[in-house]
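**Student:** Below is the structure I would like to discuss, written out as structure tokens.
Residue numbers (full-length UniProt numbering): 1 to 344.
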């Protein structure tokens with residue numbers, strides 16, 4: 001190995017401190033020297049180590065040494081705290097849109113942002129084999145192409161896939177021919193552990209949401225995208241968080257003001273599901289103080305997703321308006337009852 005200069009040794013020391021030290025595992029001079037010999041092929045001396053520490057402190061790197069703690073050298077300054085890394089790992093592991101292979105790779109990268117001891121502890125006991133994951137390995141490339149397309153204001157062409165009974169993804173077809181979709185992408189949204197592309201499909205005026213894990217063969221076209229302000233209902237632009245909050249189960253439709261009557265048992269659920277500034281929750285005074293019944297109002301997109309979301313609450317919720325939504329919920333309940341009727 002070619003002999004290193006002073007700057008290379010300094011950078012090597014910094015990498016060793018980042019990777020192998022922590023408050024629980026301070027590095028003694030002998031340990032630092034062993035790592036230097038292994039990584040750099042050369043040993044160092046105490047004077048050089050003191051010089052490296054001084055240089056790091058001059059660069060505002062928070063590092064503790066033997067003179068301060070009486071044990072050894074370790075890096076206090078980290079881009080992420082362990083609990084922040086754990087939160088990121090949990091989010092990645094739960095995301096359905098990320099395959100098991102990619103999930104493991106991302107977990108390794110996130111854990112590697114800290115020293116090896118903390119990284120090992122973060123990954124210990126993690127098992128994603130029982131977590132539902134997509135089999136689509138194209139998701140990273142799909143997301144990158146969609147992101148590039150909406151930043152460059154270009155259209156995309158893609159194919160949608162669905163699962164068959166074996167769990168394999170098969171392309172959607174029309175009259176035996178694989179369907180191709182073309183449209184203008186505006187954003188990527190993550191909701192309920194799945195990623196969606198918000199797209200206006202050519203020949204239609206409104207927006208649609210497509211599961212990224214069910215998209216393949218995505219191609220960025222040279223054709224300019226339609227401005228979102230030309231889409232139906234978005235003349236003032238697309239407020240992404242507001243849009244996603246109103247799309248229940250990411251179904252789109254005409255916006256409506258929804259009023260529900262709910263039991264107290266559903267208050268936690270409502271607070272977890274609805275954005276505070278987009279909804280209101282108050283006690284139903286007409287039912288009397290002795291009954292814990294509440295009224296919740298919010299804006300939502302009409303559609304199958306909203307109906308299914310309401311039915312999650314079962315007998316603990318009732319739609320009070322609008323009437324068109326009351327009818328749709330009744331129709332769905334009737335269809336469900338029919339499904340459970342005994343066959344002759």
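Virtual Cβ for every residue (Gly too), placed ideally from N, Cα, C.
Bear in mind the structure is a predicted one, so any value in this text is a computation, not a measurement.
(1) Does the structure place the segment 187 to 203 close enough to the segment 233 to 240 that three or more beta carbon pairs sit under 8 Å?
(2) Comparing C-alpha positions only, which one of 299, 16, 6 and 227 sits nearest to residue 260?
(3) Mind checking which residues open and close the alpha helix (DSSP H) that includes residue 13?
(4) Which runs of the alpha helix (DSSP H), 4 residues or longer, sit entirely within the segment 116 to 185?
(5) So what does residue 52 bridge to, in DSSP terms?
(6) Ignore the nearest five residues each way along the sequence and tell me which others in residue 27's own chain have a CB closer than 8 Å to its CB.
(7) Between the C-alpha atoms of residue 308 and residue 91, what's the straight-line distance to the nearest angstrom?
(8) In whole angstroms, what is the alpha-carbon distance linking residue 207 and residue 234?
(9) Cutting at 8 Å between CB atoms, please list the residues of its own chain near residue 23, excluding the five before and the five after it.
(10) Would you mind reading off the limits of the beta strand (DSSP E) that contains residue 301?
(11) Under a CB-based cut-off of 8 Å, is residue 226 close to chain D?
(12) Might you give, ordered along the chain, the residues of its own chain that have their beta carbon closer than 7 Å to the beta carbon of residue 164, omitting 5 neighbours on each side?
(13) For the beta strand (DSSP E) containing residue 217, name the first residue and the last one.
(14) Can you tell me whether residue 158 is buried or exposed, with buried defined as 16 or more other CB within 10 angstroms of its CB?
(15) Within the same chain, show all residues whose beta-carbon is closer than 6 Å to that of residue 126, passing over the 5 residues directly before and after it, in chain order.
(16) Which stretch, first to last residue, makes up the alpha helix (DSSP H) that contains residue 98?
(17) Pull the bridge partners of residue 256 from the DSSP assignment, please.
(18) For residue 51, I'd like the list of residues in its chain whose CB is within less than 6 Å of its CB, leaving aside the five on either flank, ordered along the chain.
(19) Reducing DSSP to helix, strand and coil, say where residue 64 ends up.
(20) Can you give me the start and stop residues for the alpha helix (DSSP H) that residue 339 sits inside?
(21) Take the Cβ of residue 306 as the centre, count every other Cβ of all protein chains shown within 10 Å, and call the residue buried at 16 or more, exposed below.
**Tutor:** So, from the listed chains and residues:
(1) yes
(2) By one-based count along the chain shown, residue 260 stands at place 260. If we check each option's Cα against that of residue 260, 299 comes out closest.
(3) To locate residue 13, count along the chain shown from 1; it is residue 13. Start and end: 6 to 20.
(4) 116 to 123 and 139 to 152
(5) Stepping through the chain shown from its first residue, residue 52 is reached at position 52. According to DSSP, which records beta bridges pairwise, residue 52 is partnered with nothing at all.
(6) On the chain shown, residue 27 is found 27 positions in, with the first residue counted as 1. So the qualifying residues of the chain are 16, 17, 20, 21, 35, 72, 73 and 74.
(7) On the chain shown, position 308 is the one that residue 308 refers to. On the chain shown, position 91 is the one that residue 91 refers to. The alpha-carbon atoms of residue 308 and residue 91 are separated by roughly 25 Å.
(8) Taking the chain shown and counting its residues from 1, one reaches residue 207 at position 207. Taking the chain shown and counting its residues from 1, one reaches residue 234 at position 234. Going from the Cα of residue 207 to the Cα of residue 234 covers about 9 Å.
(9) The sequence position of residue 23 within the chain shown is 23, counting from 1. If we look at residue 23 and ignore the five residues flanking it on each side, its Cβ neighbours are 64, 74 and 76.
(10) By one-based count along the chain shown, residue 301 stands at place 301. Start and end: 293 to 301.
(11) Here chain D cannot be found, since the structure has a single protein chain.
(12) For this step, residue 164 is matched to residue 164 along the chain shown. Only 170 meet the Cβ criterion.
(13) By 1-based counting over the chain shown, the position of residue 217 is 217. From DSSP, the beta strand (DSSP E) with residue 217 extends over 215 to 224.
(14) Reading the chain shown from its first residue, position 158 is the one you call residue 158. Residue 158 should be labelled buried.
(15) On the chain shown, residue 126 is found 126 positions in, with the first residue counted as 1. Closer than 6 Å at the Cβ level, and outside the excluded window around residue 126, lies no residue.
(16) Position 98 of the chain shown, counted from the first residue, corresponds to residue 98. Segment: none, residue 98 is in no alpha helix (DSSP H) and carries neither H nor E.
(17) Taking the chain shown and counting its residues from 1, one reaches residue 256 at position 256. Beta-bridge pairing links residue 256 to 300.
(18) In the chain shown, counting from the first residue as 1, residue 51 sits at position 51. Here the set comprises nothing.
(19) In the chain shown, counting from the first residue as 1, residue 64 sits at position 64. Looking at residue 64 - three-state DSSP - the assignment turns out to be strand.
(20) Against the chain shown, residue 339 aligns to sequence position 339. Note, residue 339: alpha helix (DSSP H), 323 to 340.
(21) As a working mapping, residue 306 is identified with position 306 in the chain shown. Buried, by the Cβ-count rule.
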